[in-house]
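Participant:
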Amino acid sequence: MEQLKNIDHTFDTALGDVGCTIRKGSKWYEESISNELELRNCPRRHDGVCNSLCHHAGTGKVIGRWKGSLLNLPPALLAMEHNIQARDPEKLRVFLEQGYGKICNEDTVTALIYIRTEKKEEEE
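Letter 53 of the sequence shown, counting from 1, is numbered 130 in my numbering, and no numbers are missing.
If you want it as structure tokens, here you go:
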């Protein structure tokens, strides 16, 4: 199971609904990435496995992937962004830069499309 980390924002996708997360680069596009996700909300960016400061927000199952430039991100995927606040292109850029640093329209991003299979009560 892969840990899908958010930096200080919630996973707004409801239990049983389809959501999407946009990640810089192509790591999440690779077939070697597990289709089972552990959704984690972390207070800050970090490498490696989450610790006790990171909140377990639930689980998800990957049902699709898309890779391309940030500029060419399909509006339908942006509309499914699991962080409601990031469904606007400029706000998405702000959230991406919190996690990855400077990002340009030409940078490769991956959209990871998943079904929310568990939602922890603390988030409801």
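For each residue, glycine too, the CB sits at the ideal point set by N, CA and C. All figures in this text were calculated on a predicted structure; none of them were measured in a lab.
Just list the residues that DSSP pairs R142 with in beta bridges.
Facilitator: DSSP lists L189 as partners of R142.
Participant: Report buried or exposed for M157, applying the criterion of at least 16 other Cβ atoms within 10 angstroms of its Cβ.
Facilitator: Looking at its Cβ environment, which holds 16 or more other Cβ atoms inside 10 Å, M157 is buried.
Participant: Kindly confirm or deny that the segment 155 to 173 and the segment 118 to 132 touch, where touching means at least three C-beta pairs closer than 8 Å.
Facilitator: Output reads no: the segment 118 to 132 does not touch the segment 155 to 173.
Participant: Starting from the Cα of Y191, find the closest Cα among K101, G102, K104 and N112 and give me that residue.
Facilitator: Nearest of K101, G102, K104 and N112 to Y191, Cα basis: N112.
Participant: Could you work out which residue in H86, I84, D85 and G96 is closest to E195 when comparing CA atoms only?
Facilitator: With distances taken between Cα atoms, E195 lies closest to G96.
Participant: Note down, in chain order, each residue of its chain lying with its Cβ closer than 8 Å to the Cβ of D94, except the 5 sequence neighbours on either side.
Facilitator: Closer than 8 Å at Cβ, skipping near neighbours: I192 and R193.
Participant: Anyone know if the C-beta pair for L114 and G137 falls short of 7 Å?
Facilitator: A contact, by the Cβ cut-off of 7 Å.
Participant: For the beta strand (DSSP E) that K82 lies in, which residues bound it at each end?
Facilitator: Start and end: E79 to I84.
Participant: Name the residue from Y106, N118 and K101 whose alpha carbon lies nearest to the alpha carbon of I84.
Facilitator: With distances taken between Cα atoms, I84 lies closest to N118.
Participant: Where DSSP assigns a beta bridge to V171, which residues make up the other side?
Facilitator: According to DSSP, which records beta bridges pairwise, V171 is partnered with nothing at all.
Participant: CB L116 to CB G135, shorter than 7 Å?
Facilitator: Yes.
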